[in-house]
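**Q** Here it is: the structure, laid out below.
There are 2 protein chains.
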Amino acid sequence: MIEHGGNIYKFARILHREPSQILDFSANINPLGFPQGLKEYLYHSLDSIICYPDPDYVELKRLIAEYINLSPENILVGNGAIELISLSIQTIGKDAIIPIPTFSEYARICKVNKLNVEYFPMGKGFKLDIEVLIDRLRTKRHGMLILCNPNNPTGGFIDITPLRFLLEETAKLDIFVLLDEAFVEFTEDYPKDSGVNLVKHYPNLCVIRCFTKFFGLPGMRLGYGVAGKEFIDRLKERALPWSVNTLADLAGRYVLKDVEFMEKTREFIKSQRRFLLEELSSIEWIHPYPSQANFILAKIDIDSSVLENYLLKKGILIRNCGNFEGLDRSHIRLAVKDHNSNKRLIDELKSFSNI
Amino acid sequence: MIEHGGNIYKFARILHREPSQILDFSANINPLGFPQGLKEYLYHSLDSIICYPDPDYVELKRLIAEYINLSPENILVGNGAIELISLSIQTIGKDAIIPIPTFSEYARICKVNKLNVEYFPMGKGFKLDIEVLIDRLRTKRHGMLILCNPNNPTGGFIDITPLRFLLEETAKLDIFVLLDEAFVEFTEDYPKDSGVNLVKHYPNLCVIRCFTKFFGLPGMRLGYGVAGKEFIDRLKERALPWSVNTLADLAGRYVLKDVEFMEKTREFIKSQRRFLLEELSSIEWIHPYPSQANFILAKIDIDSSVLENYLLKKGILIRNCGNFEGLDRSHIRLAVKDHNSNKRLIDELKSFSNI
Chain A
1 MIEHGGNIYK FARILHREPS QILDFSANIN PLGFPQGLKE YLYHSLDSII
51 CYPDPDYVEL KRLIAEYINL SPENILVGNG AIELISLSIQ TIGKDAIIPI
101 PTFSEYARIC KVNKLNVEYF PMGKGFKLDI EVLIDRLRTK RHGMLILCNP
151 NNPTGGFIDI TPLRFLLEET AKLDIFVLLD EAFVEFTEDY PKDSGVNLVK
201 HYPNLCVIRC FTKFFGLPGM RLGYGVAGKE FIDRLKERAL PWSVNTLADL
251 AGRYVLKDVE FMEKTREFIK SQRRFLLEEL SSIEWIHPYP SQANFILAKI
301 DIDSSVLENY LLKKGILIRN CGNFEGLDRS HIRLAVKDHN SNKRLIDELK
351 SFSNI
Chain B
1001 MIEHGGNIYK FARILHREPS QILDFSANIN PLGFPQGLKE YLYHSLDSII
1051 CYPDPDYVEL KRLIAEYINL SPENILVGNG AIELISLSIQ TIGKDAIIPI
1101 PTFSEYARIC KVNKLNVEYF PMGKGFKLDI EVLIDRLRTK RHGMLILCNP
1151 NNPTGGFIDI TPLRFLLEET AKLDIFVLLD EAFVEFTEDY PKDSGVNLVK
1201 HYPNLCVIRC FTKFFGLPGM RLGYGVAGKE FIDRLKERAL PWSVNTLADL
1251 AGRYVLKDVE FMEKTREFIK SQRRFLLEEL SSIEWIHPYP SQANFILAKI
1301 DIDSSVLENY LLKKGILIRN CGNFEGLDRS HIRLAVKDHN SNKRLIDELK
1351 SFSNI
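Chains A and B supply the protein sequences, listed in that same order.
Each residue of the first sequence is one higher than the one before, starting from 1 at the first, in my numbering.
Each residue of the second sequence is one higher than the one before, starting from 1001 at the first, in my numbering.
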């Protein structure tokens, strides 16, 4: 298994601490947590675990459809975004091109399923050059392009105009586009730039979304795929029954009704992302990249493992990006958290400068 | 998707009732529910959904290992038994032979993964004849044998002596055995006859277990695979991260400590299974098969759909076995429930006789 962020358990075991005592900047979860009232609601729903979930997830799909302005036939729910990513890759079943650096599971899942992977290194500043990418696609016709937007771990974002252009060109080349939008709800102009607005026009597109990051529910494991009906039907043929836990089903339905939470989150992330970016930029040895997500990638002038260990001793966990293809041990990723936590991180980083 | 038991939601929608108003004999869940105190425990643990689950599930695997008297390296946890079945079939990756009638997902998953399936019809009374099966395996060497024990939907059971013989012979023939033990904890002499006692000696065996049936947690989606370390390591390479929900992880750990619940369940099922078998046998047009599980298959002298619809109008859902390969619409499967429910079912069946 690949090491990912958010493994507070491993570090708690190493440090002989409780997982809750670790200030975790390695997982990119909404710092506001999940919508209020969810705990009470789940408490009153706990009896439901004695029944199988609705295998058709009718009500959950209806609410997701409403949320993204599509129809339930365009949606398949699953056990976190990762299950939908795996299911989609198996269903598309063609060799892939993957712009890097990005989430490492795409390539791992392709390889496990015996699909070849070509990495396409992003340009300077990790800004994806669509024109160059399309040229590459024209030269060697891959069957599948996998994109993360906004991209994890760089925070870079392709908005709707270049995205539409990309879909137009890939459609001509018979390339299927798998678009992971795990973080899209944190972007400035959401929902304007989301790929879900394009699935009706491009049958070669499947968008992956989740409740993990924006709705603060990583423990729940709830994600969904959005695509034209034909592709969703193909996914369904392969999908396993009851893949979403009953409480995850209920939690998903509950949080989709809290519009205030969504607006508050976007405002909050916007201001804290700005704060963190400004503060990081003010530290001489840290060079952050612009981000539209709830995390920031930074190049640092020291070995990321040295910094990681220094901060761990202070009870702070960051994402050492040394194991990302296309990055090295001069890169770290930091989640945008609540103001006090962000402030504490900045203070520790500044104190590190003085060693 | 294949229709399975337990879809109270679909029938509630058809009948315009609440799912909880349906008396469900179609899903084979422990009639005692889940262990006491679990709801309170989960309530106090609800904050955990804000964190990713431990990707290594260290504590859960430690407790499962203790429960089945093996080591954590022999265990992989997953999103219900079904995820482990799918993962194992993909990992073994060879053509399969499947004794029928049995759980239909095995064949479906093989076919989705482009693996050929040969059905091996069980003999008279649905008793699997191991000698005949081995003869068949010798003639045409399949790579994988998939068995459900006790078998769903027949209730038939192979105990440890023929099971060991089967593993010995399949090992010689280089055939991998996937053994689904979703219902094994309901058998009379549990844990004596479980295949988990054999994984140390047979590297060609993987046993699938779950918390769904015996611990009354179908909504939680928690299962595990048990095998030699080498096969578990191969499964891990393919497995997706965080496949078990945080609350399912906690629920699993909680229920494994309740030995009293386990003993009480076995006593209860034993006596109610006997009651139901005797009562069913007393009805002229119903011919139940012996069972070691918490359900009973019966041949009936009428069309199962007619009976299904009659009982549905009374708010009772049974499993029409018409869509099981190897069965037809003269078969139904009935869960062993609490005494009052079982009594009510018997009364309705008797009243049907008088129409």
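Each residue gets a CB set at the ideal place from its N, CA and C atoms; glycine is no exception.
Since we're looking at a predicted model, the values are computed, not measured.
For TYR1052 (chain B), does the three-state DSSP call read helix, strand or coil?
**A** As a first step, residue 1052 (chain B) is located in the second sequence; it is residue number 52 there, counting from the start. Note: TYR1052 (chain B) maps to coil in three-state DSSP.
**Q** Under the assumption that ILE1300 (chain B) contacts ILE1332 (chain B) (Cβ atoms under 8 Å), give the Cβ distance between them as a whole number of angstroms.
**A** Counted from its first residue, the second sequence places residue 1300 (chain B) at position 300. Counted from its first residue, the second sequence places residue 1332 (chain B) at position 332. Contact holds; Cβ gap of about 6 Å.
**Q** Taking Cβ positions, are THR1212 (chain B) and LEU1222 (chain B) nearer each other than 9 Å?
**A** Start at 1 with the first residue of the second sequence, and residue 1212 (chain B) comes out as number 212. Start at 1 with the first residue of the second sequence, and residue 1222 (chain B) comes out as number 222. Cβ atoms of THR1212 (chain B) and LEU1222 (chain B): closer than 9 Å.
**Q** Indicate whether ALA1012 (chain B) and PHE1186 (chain B) have their beta-carbon atoms separated by less than 9 Å.
**A** Walking along the second sequence from the start, residue 1012 (chain B) turns up at place 12. Walking along the second sequence from the start, residue 1186 (chain B) turns up at place 186. Cβ distance not < 9 Å, so ALA1012 (chain B) and PHE1186 (chain B) don't count as in contact.
**Q** Taking a cut of 7 Å between CB atoms, which residues from the segment 1205-1233 of chain B lie near chain A?
**A** Listed by position along the chain: GLY1216, LEU1217, PRO1218, GLY1219, MET1220 and ARG1221.
**Q** Assign ILE355 (chain A) to one of two classes, buried (16 or more other C-beta atoms within 10 Å of its C-beta) or exposed (fewer than that).
**A** Along the first sequence, read from residue 1 onward, the residue named residue 355 (chain A) stands at position 355. So ILE355 (chain A) counts as exposed.
**Q** Which residue spans inside the segment 242-326 of chain A form an unbroken beta strand (DSSP E) run of at least 3?
**A** If we require 3 residues or more, the beta strand (DSSP E) runs fully inside the segment 242-326 of chain A come out as 286-288 and 295-300.
**Q** Just curious, the beta strand (DSSP E) that TYR119 (chain A) is in, first and last residue?
**A** As a working note, residue 119 (chain A) is residue 119 in the first sequence. From DSSP, the beta strand (DSSP E) with TYR119 (chain A) extends over 117-121.
**Q** So what's GLY1223 (chain B) in DSSP terms, helix, strand or just coil?
**A** As a working mapping, residue 1223 (chain B) is identified with position 223 in the second sequence. Three-state DSSP puts GLY1223 (chain B) in a strand.
**Q** Determine, using beta-carbon pairs with one atom in the segment 40-50 of chain A and one in the segment 191-208 of chain A, whether at least three such pairs fall under 8 Å.
**A** They do not touch, by the three-pair rule.
**Q** Residues of chain A with CB under 7 Å from PRO1072 (chain B), in chain order?
**A** Taking the second sequence and counting its residues from 1, one reaches residue 1072 (chain B) at position 72. Here the premise fails: no neighbours, minimum Cβ distance about 14 Å.
**Q** Could you compute how far the alpha carbon of PHE25 (chain A) sits from the alpha carbon of MET122 (chain A)?
**A** The count along the first sequence starts at 1 and reaches residue 25 (chain A) at position 25. The count along the first sequence starts at 1 and reaches residue 122 (chain A) at position 122. Their Cα atoms are separated by approximately 25 Å.
**Q** Using only the alpha-carbon positions, how far apart do GLY219 (chain A) and PRO1055 (chain B) sit?
**A** One-based indexing of the first sequence puts residue 219 (chain A) at position 219. One-based indexing of the second sequence puts residue 1055 (chain B) at position 55. Roughly 11 Å between the two C-alpha positions.
**Q** Kindly indicate if chain B contains any beta-carbon less than 9 Å away from that of ASN16 (chain A).
**A** Reading the first sequence from its first residue, position 16 is the one you call residue 16 (chain A). It is His, not Asn, that sits at residue 16 (chain A) in the sequence shown. For HIS16 (chain A), the answer is no, since every Cβ of chain B falls outside 9 Å of its Cβ.
**Q** Taking 9 Å as the threshold (C-beta atoms), are TYR1052 (chain B) and ALA335 (chain A) in contact?
**A** For this step, residue 335 (chain A) is matched to residue 335 along the first sequence. For this step, residue 1052 (chain B) is matched to residue 52 along the second sequence. Contact flag unset, no.
**Q** Round the Cβ separation of CYS206 (chain A) and LEU240 (chain A) to the nearest angstrom and send it over; I've been treating them as touching at under 8 Å.
**A** Counted from its first residue, the first sequence places residue 206 (chain A) at position 206. Counted from its first residue, the first sequence places residue 240 (chain A) at position 240. Between LEU240 (chain A) and CYS206 (chain A) the Cβ distance is about 18 Å, and since that is not below 8 Å, they are no contact.
**Q** Looking only at DSSP bridge pairs, what is ARG1209 (chain B) linked to?
**A** On the second sequence, position 209 is the one that residue 1209 (chain B) refers to. Per DSSP, B:TYR1224.
**Q** Identify every residue that forms a DSSP beta bridge with CYS148 (chain A).
**A** The sequence position of residue 148 (chain A) within the first sequence is 148, counting from 1. In DSSP, CYS148 (chain A) forms a bridge with A:ASP180.
**Q** Going along chain A, which residues have a C-beta under 8 Å from ALA1027 (chain B)?
**A** To locate residue 1027 (chain B), count along the second sequence from 1; it is residue 27. Those within 8 Å of ALA1027 (chain B) in chain A are CYS51 and TYR52.
**Q** Go through the segment 30-107 of chain A residue by residue and report every complete run of the alpha helix (DSSP H) that reaches 4 residues or more, in order.
**A** Entirely contained in the segment 30-107 of chain A, the alpha helix (DSSP H) runs reaching 4 residues are, in chain order, 38-43, 58-68 and 80-92.
**Q** Where CYS1148 (chain B) and ASN1204 (chain B) are concerned, what is the direct C-alpha to C-alpha distance, given to the nearest angstrom?
**A** Taking the second sequence and counting its residues from 1, one reaches residue 1148 (chain B) at position 148. Taking the second sequence and counting its residues from 1, one reaches residue 1204 (chain B) at position 204. Those two C-alpha atoms are separated by around 16 Å.
**Q** Residues in the segment 242-263 of chain A with C-beta within 9 Å of chain B's C-beta atoms, listed in sequence order?
**A** Listed by position, the residues of the segment 242-263 of chain A near chain B (Cβ gap below 9 Å) are TRP242, SER243, VAL244, ASN245, THR246, LEU247, ALA248, ASP249 and ALA251.
**Q** Along the chain, where does the alpha helix (DSSP H) that runs through ILE130 (chain A) open and close?
**A** Residue 130 (chain A) sits at position 130 when you count from the first residue of the first sequence. First-last of the alpha helix (DSSP H) with ILE130 (chain A): 130-139.
**Q** Determine the chain A residues that contact ARG1238 (chain B) at a beta-carbon separation under 7 Å, and present them in chain order.
**A** Counting from 1 along the second sequence, the entry for residue 1238 (chain B) is found at position 238. Per Cβ cutoff of 7 Å: VAL112.
**Q** Report yes or no: is there a C-beta of chain A within less than 9 Å of the C-beta of GLU1131 (chain B)?
**A** As a position in the second sequence, residue 1131 (chain B) is number 131, starting the count at 1. Answer no: the Cβ-Cβ gap between GLU1131 (chain B) and chain A never drops below 9 Å.
**Q** Under 8 Å Cβ-Cβ, which residues of chain B neighbour LYS337 (chain A)?
**A** Residue 337 (chain A) sits at position 337 when you count from the first residue of the first sequence. What LYS337 (chain A) touches in chain B: nothing, since even the nearest Cβ is about 12 Å away.
**Q** Assuming TYR1190 (chain B) contacts ARG1266 (chain B) (C-beta within less than 8 Å), just tell me the rounded distance between them.
**A** Along the second sequence, read from residue 1 onward, the residue named residue 1190 (chain B) stands at position 190. Along the second sequence, read from residue 1 onward, the residue named residue 1266 (chain B) stands at position 266. Confirmed, Cβ separation roughly 7 Å.
**Q** Quick one: what does DSSP say ASP347 (chain A) is sitting in, helix, strand or coil?
**A** Locating residue 347 (chain A) in the first sequence gives position 347, counting from the first residue. Three-state result, ASP347 (chain A): helix.
**Q** State the Cα-Cα distance for the pair ARG17 (chain A) and SER86 (chain A), rounded to the nearest angstrom.
**A** Counting from 1 along the first sequence, the entry for residue 17 (chain A) is found at position 17. Counting from 1 along the first sequence, the entry for residue 86 (chain A) is found at position 86. In a straight line, the C-alpha of ARG17 (chain A) is about 34 Å away from that of SER86 (chain A).
**Q** Which of helix, strand or coil does DSSP assign to HIS331 (chain A)?
**A** To locate residue 331 (chain A), count along the first sequence from 1; it is residue 331. HIS331 (chain A): strand per DSSP, three-state reduction.
**Q** In chain B, which residues lie with their C-beta within 9 Å of the C-beta of PHE34 (chain A)?
**A** Counting from one through the first sequence, the residue named residue 34 (chain A) turns up at place 34. What PHE34 (chain A) touches in chain B: ILE1049 and ILE1050.
**Q** Between LEU1317 (chain B) and SER1071 (chain B), what straight-line distance do the alpha-carbon atoms span, to the nearest angstrom?
**A** Within the second sequence, numbered from 1, the residue matching residue 1317 (chain B) stands at position 317. Within the second sequence, numbered from 1, the residue matching residue 1071 (chain B) stands at position 71. Computed Cα separation, rounded: 40 Å.
**Q** List the residues of chain B that VAL58 (chain A) touches, going by C-beta distances under 8 Å, in chain order.
**A** The residue given as residue 58 (chain A) occupies position 58 in the first sequence. Near VAL58 (chain A) (Cβ distances below 8 Å), the residues of chain B are TYR1009 and ARG1013.
**Q** Just the C-alpha distance for PHE1295 (chain B) and PHE1324 (chain B), rounded to the nearest angstrom, thanks.
**A** Sequence index remark: in the second sequence, residue 1295 (chain B) carries index 295 (1-based). Sequence index remark: in the second sequence, residue 1324 (chain B) carries index 324 (1-based). Cα to Cα, PHE1295 (chain B) sits roughly 16 Å from PHE1324 (chain B).
**Q** When burial is assigned at 16 or more other CB atoms within 10 Å of the CB, is THR1161 (chain B) buried or exposed?
**A** Start at 1 with the first residue of the second sequence, and residue 1161 (chain B) comes out as number 161. THR1161 (chain B) is exposed by the Cβ-count criterion.
**Q** Apart from the five residues on each side of it in sequence, which residues of its chain come closer than 6 Å, Cβ to Cβ, to ILE1109 (chain B)?
**A** For this step, residue 1109 (chain B) is matched to residue 109 along the second sequence. For ILE1109 (chain B), where only same-chain residues beyond five positions count, the Cβ hits under 6 Å are SER1086 and ILE1089.
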